[in-house]
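As numbered in the UniProt record's numbering, residues 1 to 336 make up the sequence shown, in order.
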Amino acid sequence: MVTVLAGRLDVKTRAFSVEEVPTPRPGPGEALVKVEAAGVCLSDVHLIDGTLTPLYLSGDTVTLGHEVAGVVAEPGAGVTRWRPGQRVLLQAGEERDGVVWTRGVDYDGGWAEYAVATGSTLVEIPDELPFEQAAIIPDAVSTPWAAITATARTEPARPAGVWGAGGLGVHGVQLLRLVGAAPIIAVDPLPEARERALAFGADLVFPPDDPELPARVRGETGGAGLAFAFDFAGVPAVREQAVRCLGPGGRLVLVGLTDQPLTITDGTAFSYFQQQVLGHYGSSDEHVVQLVELVRRHRLDFSRSVSGVLPLAEAREAVDRLLRKEGNPVRLILRP
């Protein structure tokens with residue numbers, strides 16, 4: 001039996017290891033992809049530490065990895081769109097029986113030498129887009145893109161705030177710049193993260209412990225406050241602070257996940273000024289396709305987003321680095 005390496009998680013014991021598994025085979029309507037790059041996301045860390053649990057996984061073990069790019073190795077029966085050698089990224093999930101299943105969570109993902117994907121979840125990528133950058137478009141880039149364009153319906157020349165300048169938030173800054181939000185204000189406790197936000201396009205940065213932050217935001221927006229605020233941190237105190245920075249009709253979009261309650265201290269003012277809190281999760285296939293086209297047209301560049309590349313065999317080290325925030329990475333990449 002021919003075997004390949006894969007990063008496998010036992011969801012009952014939360015034991016993770018890179019081990020030999022049988023080479024997967026594509027079924028009808030599927031394609032076998034030789035993985036060239038796979039992103040390491042905080043969601044992967046939360047799967048390992050037990051914070052997240054798969055909803056639809058059949059069995060107790062799963063190959064992690066929902067940010068994946070590679071080359072088509074073998075189309076399955078009935079697949080005519082794809083041929084061996086095509087460069088592709090894999091959508092981070094797919095709809096099954098009316099619900100969305102997440103790759104690397106509810107079924108095997110791309111922390112592996114080879115991955116199987118339904119043909120409809122492949123997106124062709126241009127030759128000039130490196131696999132390391134292509135891999136992170138699903139989720140690390142598409143999630144903030146969907147939050148900005150679809151959930152918040154961000155408008156140009158209006159002020160926006162970003163809380164948390166990590167892997168999602170810093171791309172949020174970059175994408176807000178692309179759609180013309182102004183000014184863009186980033187809030188993060190880490191000085192290096194604030195510097196990175198400036199490099200990615202923020203106009204102003206502040207630490208969240210600044211007691212004058214709401215007043216400073218209003219001062220920078222001509223007294224108006226923020227039209228759009230994005231919580232990429234998933235921290236209750238962040239959300240309360242962001243609400244205090246909203247202007248009339250302002251929208252707070254909750255992108256970072258937490259099971260803690262949201263408190264709005266002054267509910268009367270919130271209602272009077274017709275402000276909104278909007279939940280957000282992930283992205284749709286169309287958002288990934290849009291981003292690939294923007295890269296193809298040289299509107300976006302993600303070369304600064306790859307903070308390090310490790311071999312697949314060192315997946316545990318990558319997880320530990322992300323957990324420790326060692327080097328304050330945007331995205332770490334695994335290469336089989």
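Glycine included, each C-beta is placed from N, C-alpha and C at the ideal position.
Opening and closing residue of the alpha helix (DSSP H) in which residue i lies
i           : result
residue 338 : Nothing can be reported for residue 338, as the shown portion of the chain is limited to 1 through 336.
F302        : No alpha helix (DSSP H) contains F302, which DSSP labels as neither H nor E.
D285        : 285 to 296
T143        : 142 to 146
P191        : 191 to 200
P156        : No alpha helix (DSSP H) contains P156, which DSSP labels as neither H nor E.
A233        : Counting along the chain, A233 falls outside any alpha helix (DSSP H), and DSSP gives it neither H nor E.
D210        : Counting along the chain, D210 falls outside any alpha helix (DSSP H), and DSSP gives it neither H nor E.
D320        : 315 to 324
A150        : Segment: none, A150 is in no alpha helix (DSSP H) and carries neither H nor E.
A135        : 131 to 135
Opening and closing residue of the beta strand (DSSP E) in which residue i lies
i    : result
G219 : First-last for G219: 213 to 220, but that is the alpha helix (DSSP H), not the beta strand (DSSP E).
Q276 : 276 to 279
T63  : 61 to 63
R96  : 93 to 96
L178 : Premise fails: L178 lies in the alpha helix (DSSP H), 169 to 179, not in any beta strand (DSSP E).
A186 : 184 to 187
V4   : 3 to 10
Nearest candidate by alpha-carbon position, reference residue i, set the options
i    : options                : result
D203 : V71, A160, G308, C41   : A160
R103 : G267, L64, G119        : L64
R8   : R304, L332, E314, N328 : E314
P98  : Y56, I125, E128, V62   : Just to set this straight, residue 98 is Gly in the shown sequence, not Pro. Minimum Cα distance to G98 is reached at Y56.
S108 : V238, A227, G250, V68  : Looking at the sequence provided, one finds Asp at residue 108 rather than Ser. The shortest C-alpha separation from D108 is found at V68.
K12  : Q174, T61, R331, Q290  : T61
D127 : S271, D49, C41, L89    : L89
L42  : I136, T80, L226        : I136
V306 : T80, A37, L198, F206   : A37
G223 : R158, T258, E195       : R158
L175 : A152, G219, E240       : A152
G50  : R83, S58, A15, W82     : A15
G27  : R244, I48, V21, V79    : V79
V288 : D209, G85, L122        : L122
Q91  : V141, P54, P75, G76    : V141
V238 : P24, A165, E195        : A165
V170 : A150, P156, D139, R196 : R196
A227 : G234, L310, V217, P144 : V217
L168 : G250, G234, P214, P261 : G234
W145 : E155, P156, G172, E192 : G172
D210 : A269, E155, C245       : C245
V292 : G110, T23, P138, G247  : P138
F273 : D259, R297, V243, D301 : V243
A269 : T154, G247, T23        : G247
G119 : V100, G110, R83, T154  : R83
Reduced DSSP category for residue i - H, G, I as helix; E, B as strand; rest coil
i    : result
P24  : coil
F228 : strand
V88  : strand
W101 : strand
G70  : strand
R335 : strand
I48  : helix
S43  : helix
L122 : strand
E113 : coil
E19  : strand
L312 : helix
V243 : helix
P75  : strand
Q261 : The sequence as given places Pro at residue 261; Gln does not occur at that position. Looking at P261 - three-state DSSP - the assignment turns out to be coil, as it is neither helix nor strand.
P138 : helix
P248 : strand
S58  : coil
V255 : coil
A165 : coil
Beta-carbon separation (whole angstroms), residue i vs residue j, contact threshold 8 Å
i           : j    : result
V33         : A134 : Actually they are not in contact, since the Cβ atoms of V33 and A134 sit about 12 Å apart, beyond 8 Å.
residue 372 : V40  : As shown, the chain starts at 1 and ends at 336. That puts residue 372 outside it, with no answer to give.
F206        : W163 : That pair is no contact at about 10 Å.
Q86         : E30  : Wrong, their Cβ atoms sit about 15 Å apart, outside the cutoff.
P336        : A112 : 7 Å
D44         : V319 : 7 Å
residue 353 : V18  : Outside the displayed span of the chain (1 to 336) sits residue 353, for which this structure offers no information.
Problem - Segment contact flag, the stretch 178 to 189 with the stretch 317 to 334, C-beta cutoff 8 Å, min 3 pairs - result: no
Practice task
Give a yes or no on contact between the stretch 251 to 258 and the stretch 283 to 290, applying the rule of three or more CB pairs nearer than 8 Å.
Solution key: no
Handout entry: Inter-stretch contact (C-beta, 8 Å, three-pair minimum) for the stretch 262 to 269 and the stretch 172 to 186
Key = no
Handout entry: the stretch 67 to 83 touching the stretch 118 to 131, judged by at least three CB pairs closer than 8 Å
Key = yes
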